[in-house]
Each structure stands twice: as C-alpha cells, then as structure tokens.
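> Please find one structure pasted underneath; my questions will follow.
This is the structure in structure tokens:
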C-alpha cells in the first residue's frame, strides 16, 4: 500500500508470488513513487484498476498508462469521469491540473471476472459514491475504494452520489464472509466481520 496524492488515497500494488506482473489499484498521484515501487520489486504493470473515477484516485493514471501502455479498467458508468474534470472533481477541488484522460481501455460490468497478472479479479458493482463505483475481490482480499472504510463509508453528497444506492451496495458487501480482508481507498485495512460488528452504516 502506498498513500499517494493530494487526497492521501491508498494505491495498491497487487501481485502473485513468482510472477513479474502486477495490478495497480487506484493510482491517485505520486506517479514516480508508484514506479519506484515497481522497480524495487522487479515488477511491471499489467493493468490499472480504478474503483471509481474521482481525481484523488486517478491522479497518476495518465503517467503510468503512458509509461508502459498499461491498460486501464473502470466500470462503464464511471468511464466519463476519467476524462471530464467536472465529473472527476479535479475542477471542483482545484488540483494542480484538471484531469482530462486517458480513456479506459476496458469497461467493466457487474459480476464480471477478469484474469490479469495471474490473478482472478471479481468485479462487484457498488454504486452510491459514484455511479460506477466498484469493489474488486481478489482471493480473500476486497479492495473497496470509497465505498467502505474502517468504521465509515463514502460520501454521497458529491455529484453522482446516491444515498440509497450506497446503502444497497453496503448490504451487498456485508453478504461476503466475515474473514474477507478489506483494503479501502483511504485509511487502514479492516475485515467484513469487523465492519458488520462496528460500522454503524453496515449493521443490518
């Protein structure tokens, strides 16, 4: 895990032992630091997975994509966020440069499973924070972006946010086994079981 960019988002480099390829999840900024991590581990990028299209999660997208033509994956409902500053909020929050690309190479759909870098990734569509917000289940690890945090959940008061959609998405996640590790877009890791017990937004 690297904490990157002006929004202090979690960027994850996920790889399988014995493989020289890795996934990048949510490259929110500090592209040189992410590249240095790859070099240190002797890895090359196989794919960039975006949990959603907000600026604090895609700030280094163009840089990393252009370095090695690493393909970008995002849910179809957030595809325009990658190229539209008003949607990805880089315009609203006045970051250094409005984010206007690149476009996604692959548009994901709910329930889809992809295999990249020797890893099987299940796409769980979890709208609410944004229309295309998605979580990625890789083995027993769930990468939740800004849908679910340790003890909290993502905002729904930004453009594209829908409270009832987030509620339904959280209930979907709470149907996963308690032992699943949760790696959120901000803050520390947790588990599904811990959030069922302690997160007021996730109690049934």
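Residue numbers (the working numbering): 1 to 204. Note that beta-carbon positions come from the ideal geometry of N, C-alpha and C, so glycine has one too. Values in this document were obtained by computation on a predicted structure and should not be read as measured data.
Considering only residues of the stretch 84-115, which uninterrupted beta strand (DSSP E) runs meet the minimum length of 3 residues and lie entirely inside it, listed in chain order?
The qualifying runs are 106-108.
> Counting Cβ pairs closer than 8 Å, one from the stretch 81-97 and one from the stretch 119-126, do we hit at least three?
No contact exists between the stretch 81-97 and the stretch 119-126.
> Around the C-beta of residue 19, are 16 or more other C-beta atoms found within 10 angstroms, so that it is buried, or is it exposed?
In the chain shown, the residue the question calls residue 19 occupies position 19. Residue 19 comes out exposed.
> On the three-state DSSP scale, how would you describe residue 32?
Taking the chain shown and counting its residues from 1, one reaches residue 32 at position 32. If DSSP states are grouped into helix, strand and coil, residue 32 belongs with the helices.
> Count the CB pairs spanning the stretch 136-152 and the stretch 171-189 that are closer than 8 Å, and state whether there are at least three.
Contact between the stretch 136-152 and the stretch 171-189 is present, because at least three Cβ pairs lie under 8 Å.
> In terms of DSSP beta bridges, what is residue 21 paired with?
Here residue 21 corresponds to residue number 21 of the chain shown, with the count starting at 1. For residue 21, which the question treats as bridged, DSSP gives the partners 44.
> From the DSSP output, in three-state form, read off residue 148 for me.
Looking up residue 148 in the chain shown gives position 148. Note: residue 148 maps to strand in three-state DSSP.
> Of the residues 133, 11, 159, which one's Cα is nearest the Cα of residue 53?
The sequence position of residue 53 within the chain shown is 53, counting from 1. When only C-alpha atoms are compared, the closest one is 133.
> Quick one, are the C-beta atoms of residue 100 and residue 76 less than 8 Å apart?
Taking the chain shown and counting its residues from 1, the one referred to as residue 100 is at position 100. Taking the chain shown and counting its residues from 1, the one referred to as residue 76 is at position 76. Cβ distance not < 8 Å, so residue 100 and residue 76 don't count as in contact.
> Among 98, 179, 165, whose alpha-carbon lies nearest the alpha-carbon of residue 193?
Working through the chain shown from its first residue, we reach residue 193 at position 193. Per the Cα distances, 179.
> Less than 8 Å between the beta carbons of residue 27 and residue 64, yes or no?
To locate residue 27, count along the chain shown from 1; it is residue 27. To locate residue 64, count along the chain shown from 1; it is residue 64. Their beta carbons are under 8 Å apart, which means residue 27 touches residue 64 by this criterion.
> Assuming residue 9 is part of the alpha helix (DSSP H), what are its boundary residues?
Within the chain shown, the letter at position 9 stands for residue 9. Counting along the chain, residue 9 falls outside any alpha helix (DSSP H), though it belongs to the beta strand (DSSP E) covering 9-15.
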